[in-house]
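Structure record follows, encoded as structure tokens.
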Amino acid sequence: MQHQILVLNMGSTSTKIAIYIDETQHFKETIRHTEEELAAFKSCLEQSEFRGNIVKQVLAEKKVQLKNLTAICSRGGRIPPCSSGAIRIDQNMVEYLKRPEDDKHAAALGCIIAFELSQELAIPAYVYDPVSVDEITNLARVSGLPELPHFAVGHALNTRAMAIKCANEVLKKPFSECTFIVAHIGGGVSIRLFKDGRNIDAVNDDNGGFAPERAGSLDAVPLIQLCFSGKYTEAQLVKMVRGNGGLKAHLGTTDGIEIEKRITSGDSSAKLVYEAMAYNLAKDIGRLAIPVAGEVDRIILTGGVSYSKYISDYITRLVSFIAPVELMPGEYEMEALAAGALRVLRGEEEVKAFQSI
């Protein structure tokens with residue numbers, strides 16, 4: 001039996017829609033939203049009808065017969081910490097994502113739209129490897145303050161998808177028998193250690209090297225003093241470290257192509273900062289080799305910044321003594337969502353209930 005899967009991936013300024021027939025992509029469409037379009041909505045959740053109508057419009061334009069859909073899979077919003085895999089979207093998940101006190105992630109819109117469509121069509125809807133996947137060991141979780149334990153959050157979907165892809169296509173081994181360090185380098189960074197099919201440790205973009213838009217790890221006492229200086233509100237400080245930090249703070253841009261042109265033109269400050277980012281990310285990769293005593297099958301570089309030969313070559317030179325480096329740039333999120341849903345539909349993976357996580 002063929003399975004026709006609708007895949008949804010909502011970003012802050014984009015709506016990605018795809019149809020997969022088993023493993024084959026039938027089509028993929030990305031709709032970009034302008035600031036003017038989104039300014040009409042006071043909150044992220046207010047966009048759900050607007051985004052839902054766009055999904056239906058695209059499906060109609062592509063002449064997709066909704067009655068032929070087998071399942072829907074969406075990128076997951078900020079649900080509670082959970083293990084990797086599929087979770088069925090139900091009313092409880094939707095209500096959780098609509099909580100007024102929650103810091104809304106655009107992916108929540110995909111969950112809500114997927115649930116509404118699944119109710120109309122009487123088919124299942126899932127999230128797969130949401131951003132809140134947290135499987136790190138108890139040892140990795142202990143920090144220097146019991147009030148602030150370590151946790152994993154970030155690009156769970158793409159990092160695990162690339163690890164599975166590398167296991168299948170490069171090593172020709174089951175993912176459950178491999179050890180990978182996967183560095184997703186985009187506007188933010190997630191570096192994850194996978195062993196025996198689980199993500200046992202991680203470096204998030206708040207506790208590692210800086211990224212194009214993230215400040216990364218900062219010395220605690222000066223940061224506390226900055227917080228109490230009276231110069232900034234809480235919201236301004238959060239934006240400073242998550243959105244306006246990293247390359248943006250130092251160089252005024254996150255555009256790697258522009259920065260590399262500046263370096264070629266002799267801009268020594270741009271060279272120093274750009275290489276410092278790569279240097280610190282390489283240190284974080286090395287840091288995750290320690291829990292497995294350096295026994296790593298592959299180091300994988302993924303995410304948009306990994307397209308940069310400058311950055312990927314710099315990191316590879318520093319970390320290749322640990323394990324061979326596999327370049328898998330870009331993101332594999334739509335394919336990963338479809339593949340995850342397909343494994344569930346074929347009975348190869350179990351789906352979790354939201355209330356069980």
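Position 57 of the sequence shown, counting from 1, maps to 57 under full-length UniProt numbering, and the rest follow consecutively. The beta-carbon is built from N, C-alpha and C at its ideal position, and this holds for glycine as well.
| Item | Value |
| --- | --- |
| Check whether Ile-164 and Ser-306 have beta carbons under 8 Å apart | no |
| For Cys-111 and Leu-97, believed in contact at Cβ under 8 Å, the rounded distance | 6 Å |
| Stretch pair the region 341-351 + the region 222-234: three plus CB contacts closer than 8 Å | no |
| Opening and closing residue of the alpha helix (DSSP H) in which Glu-61 lies | 48-61 |
| For residue 358, the nearest candidate out of Met-334, Phe-354 and Val-325 (CA to CA) | Within the shown structure, residues of the chain are numbered from 1 to 357, placing residue 358 beyond reach of any answer. |
| Straight-line Cα distance separating Arg-88 from residue 370 | No answer is possible for residue 370: the residues shown for the chain start at 1 and end at 357. |
| Of the listed residues Leu-345, Gln-47, Gly-294 and Ile-257, nearest to Thr-15 (C-alpha basis) | Gln-47 |
| Which of helix, strand or coil DSSP assigns to Met-1 | coil |
| For Ala-86 and Leu-6, the rounded distance between their alpha carbons | 15 Å |
| Beta-carbon proximity list for Thr-70, same chain, < 7 Å, skipping 5 on both sides | His-3, Gln-4, Ile-5, Ile-123 and Leu-345 |
| For Arg-346, three-class secondary structure by DSSP | coil |
| Inter-residue spacing [alpha-carbon to alpha-carbon] between Gly-246 and Glu-120 | 45 Å |
| The alpha helix (DSSP H) enclosing Glu-116, as first and last residue numbers | 107-121 |
| Sub-8 Å separation of Leu-342 and Ala-183 beta-carbons | no |
| Start-to-end residues for the alpha helix (DSSP H) that takes in Leu-288 | 268-289 |
| Within 8 Å, strictly: CB atoms of Lys-239 and Pro-212 | no |
| C-alpha distance - Ser-158 paired with Glu-331, whole-angstrom precision | In the sequence as presented, Ser is not what sits at residue 158; that position holds Asn. Cα-Cα distance, rounded: 6 Å. |
| Phe-41 in three-state terms, based on DSSP | coil |
| With 16 other Cβ atoms within 10 Å as the buried cut-off, status of Leu-193 | buried |
| Strand pairing of Arg-141, partner residues [DSSP] | According to DSSP, Arg-141 bridges with nothing at all. |
| Contact the region 141-156 vs the region 285-295: 3+ CB pairs below 8 Å | no |
| Proximal residues to Ala-278 (C-beta, below 6 Å), its chain only, five neighbours per side dropped | Ile-311, Tyr-314 and Ile-315 |
| Span of the alpha helix (DSSP H), counted from its first residue to its last, around Asp-313 | 309-319 |
| Beta strand (DSSP E) segment containing Gln-25, residue limits | 24-32 |
| Residue from Ala-338, Leu-272 and Arg-160 whose Cα sits closest to the Cα of Glu-23 | Ala-338 |
| Bridge-paired residues (DSSP) for Gly-303 | Gly-330 |
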